[in-house]
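Residues in the sequence shown are numbered from 459 upward in steps of one, following this note's numbering.
Even glycine gets a Cβ: it sits at the ideal position worked out from N, Cα and C.
To start, the structure itself, in structure tokens.
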Amino acid sequence: MDTFTGKLAVITGGGAGMGSDLARMLAAEGCGVALCDVSEANLEETLERCRTDAAPGTRVTSCVADVSSEADLRAFRAHVEQAHETDHVDLLFNNAGIGGGGYSFVSEPREQWERVFDVNWRGVYLGVRVFLPLLMRSERARIVNTSSVNGFWAGLSPTESLVAYSTAKFAVRGFSEALISDLRLRAPHVGVSVVMPGYVGTSLVRNSMTYLGDAGDGTGAIDRSFRANAPTTSESAAGEILDGVRAGEWRILVGDDARILDEAVRADPLAVYEPDFFERMRARGVFATMPEPPAGSL
């Protein structure tokens, strides 16, 4: 898909971060965009940005939806069909995601863990399940699922685990890779890409804490620090994703830290959870600037 002009893209988690930047860039190329997010206020901000940059005649719409709810996603699909007067879509960006859920499977309660898993994994699964019929009606379509470097390395530091988030992101990666052959055999005009970002400067901390009901007085400062220290901006990440989609890449690494970590994990897979591996990665700049999150926030 070397051009997005005249196409229609569906983006989950489109109210902020990479989803918002993807929407703006696609609209600027003349691609119609339908966004969903749990935050109506964030959606309005993205719509305003898109309207400023959109190519003439490009339609950008939004719908409030929680991707962990199949009913919400089906309502979003109905919105897409009606608002864009279409029976097909060309691009599906399953971008919505949150951090959180606590760190430990062993010692922490399951409710928040499962909410994080439901958004990060079930949201991707349901996004494909609900929109696949519309994708299959396109002449050529592509599914773009956002995983993470934590989809090939379930680590963060030698002193903490990252179980809920990593488990979900591994599931997204496995699902996306399994779809490659399934789609080739049964719907060869539909492709799939899995996106593996490193540390990107988004509002992940703030939006996650708000969604999980953990936002406190210090949330704003933590959010600003998280975004300011990131080696890759949200806009740069969105550009890398779209370049990968144009090139038809099934695996899109985002950020130099993602590429460094991917190479290191492949080179020495048996050592990747040893303390000295974490230190070697920090020395090479991987997550070296990431601020320490409050307990349970990431």
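* Would you give the residue range spanned by the beta strand (DSSP E) that Gly581 belongs to? => Looking at the DSSP string, Gly581 is not in any beta strand (DSSP E); the run it does join, the alpha helix (DSSP H), is 581-594.
* Evaluate Val564 with the Cβ neighbour count: other Cβ atoms within 10 Å of its Cβ, from every protein chain shown; 16 or more gives buried, anything less gives exposed. => exposed
* Out of Ser527, Asp545, Asp734, point me to the one whose CA is closest to Ala467's CA. => Asp545
* **Same chain only: Cβ atoms within 8 Å of Pro749, ignoring 5 sequence neighbours per side** => Ile680, Ser683, Phe684, Asn687
* With Val650 as the anchor, note down where its beta strand (DSSP E) starts and where it stops. => 648-655
* Spatial neighbours of Arg740 in its chain, beta-carbon cut-off 8 Å, leaving aside the 5 residues before and after -> Ala746
* Would you decide whether Tyr561 is buried or exposed? Buried here means 16 or more other CB atoms lie within 10 Å of its CB. => buried
* Indicate whether Leu501 and Ser527 have their beta-carbon atoms separated by less than 9 Å. => no
* Select from Arg568, Leu662, Ala474, Val538 the residue whose C-alpha is nearest the C-alpha of Gly490. => Val538
* In this structure, what does DSSP give as the bridge partners for Phe551? -> Ile469, Val602
* Within the same chain, show all residues whose beta-carbon is closer than 6 Å to that of Pro752, passing over the 5 residues directly before and after it, in chain order. => Bear in mind that the predicted position of Pro752 carries a pLDDT of just 48, short of 50, making it unreliable; the figure below should be weighed with that in mind. No residues qualify anywhere along the chain.
* Would Tyr669 be called buried (16 or more neighbouring beta carbons within 10 Å of its own) or exposed? -> buried
* Would you check if the distance between the CB atom of Met654 and the CB atom of Leu614 is smaller than 9 Å? => no
* Asked: Would you say the stretch 546-559 touches the stretch 574-583, given that touching needs at least three Cβ pairs under 8 Å?
  -> yes
* **Beta-carbon spacing of Ser606, Lys627 below 9 Å** => yes
* To do: State the DSSP-derived secondary structure class of Ala492, mapped to helix, strand or coil.
  => strand
* To do: List the residues that DSSP assigns as beta-bridge partners of Val518.
  => Val491
* Is it the case that the Cβ atoms of Ser651 and Val602 are separated by a distance below 9 Å? -> yes
* Option in Thr463, Leu484, Trp708 with minimal Cα separation from Asp511 -> Leu484
* To do: Taking His700 as part of the alpha helix (DSSP H), name the residues at either end of that continuous run.
  => Residue identity check: residue 700 is Leu in the sequence provided, not His. Element bounds for Leu700: 692-704.
* **Residue environment, Ala696, which counts as buried when at least 16 other CB atoms sit within 10 Å** => buried
* To do: Run the CB neighbour count on Glu698, radius 10 Å, all protein chains shown included, and call it buried at 16 or more, exposed below.
  => buried
* **Contact the stretch 702-719 vs the stretch 584-591: 3+ CB pairs below 8 Å** => no
* Asked: Quick one: Cα of Phe534 to Cα of Trp571, how far?
  -> 25 Å
* To do: Compare the C-alpha of Arg631 against each of Gly609, Phe736, Leu643 and name the closest.
  => Gly609
* Would DSSP call Gly475 helix, strand or coil? -> helix
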